[in-house]
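One structure is given here, and the rest of the page talks about it.
Residue numbers (the numbering used here): 93 to 245.
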């Protein structure tokens with residue numbers, strides 16, 4: 093059995109909600125699933141995982157400062173240990189999925205085996221921006237977690 097680490101940052105709670113649903117879905121196939129907020133993750137956690145899902149909302153067409161700093165400081169320290177590991181990205185966004193794309197590019201740079209499982213949610217619970225319902229986000233995130241877990245079982 094593989095070990096899955098889900099690392100996320102969240103501003104409004106939407107990406108955190110997705111991360112929890114992804115973990116729930118993954119636990120249907122895997123027993124070793126760890127969910128951590130980005131500032132709780134150590135290099136050791138990254139090295140010990142067989143697969144890592146990174147979650148971050150798109151913030152001003154990029155990553156949050158916390159996630160950006162995480163990649164630039166802690167992740168690069170263990171770059172050689174990440175080579176060949178399964179990696180993917182997810183996140184909540186209003187109009188554009190820039191954060192997901194930036195993380196996917198970073199995972200390729202790290203020589204991870206990148207899975208594009210199409211995981212993002214658009215909009216927030218606001219009448220003008222709301223595009224996906226919570227039940228749609230939950231269903232999509234559960235499936236994402238299950239599909240990710242299947243790659244390392």
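Idealized CB from N, CA, C, for every residue including glycine.
- Collapsing the DSSP output to three states places residue 181 in a strand.
- Around the Cβ of residue 103, a 10 Å sphere holds fewer than 16 other Cβ atoms; the residue is exposed.
- Three or more beta-carbon pairs separated by less than 8 Å link the region 195–204 to the region 167–182, which places the two stretches in contact.
- Remark: C-beta atoms of residue 117 and residue 234 approach each other more closely than 8 Å.
- The C-alpha of residue 94 lies about 5 Å from the C-alpha of residue 245.
- Taking a 10 Å sphere around the C-beta of residue 107, we find 16 or more other C-beta atoms and assign the residue as buried.
- Excluding residues up to 5 positions away in sequence, 202 lie with their Cβ nearer than 6 Å to the Cβ of residue 171 in the same chain.
- Excluding five sequence positions before and after residue 166, the CB atoms of its chain that fall closer than 6 Å to its own CB belong to 135, given in chain order.
- Along the length of the region 97–139, whole alpha helix (DSSP H) runs at least 4 residues long occupy 106–118, reported in chain order.
- The criterion of a C-beta distance shorter than 8 Å is satisfied by residue 96 and residue 142.
- Spatial neighbours of residue 226 in its own chain (CB-CB distance under 6 Å, excluding positions within 5 residues in sequence) are not present.
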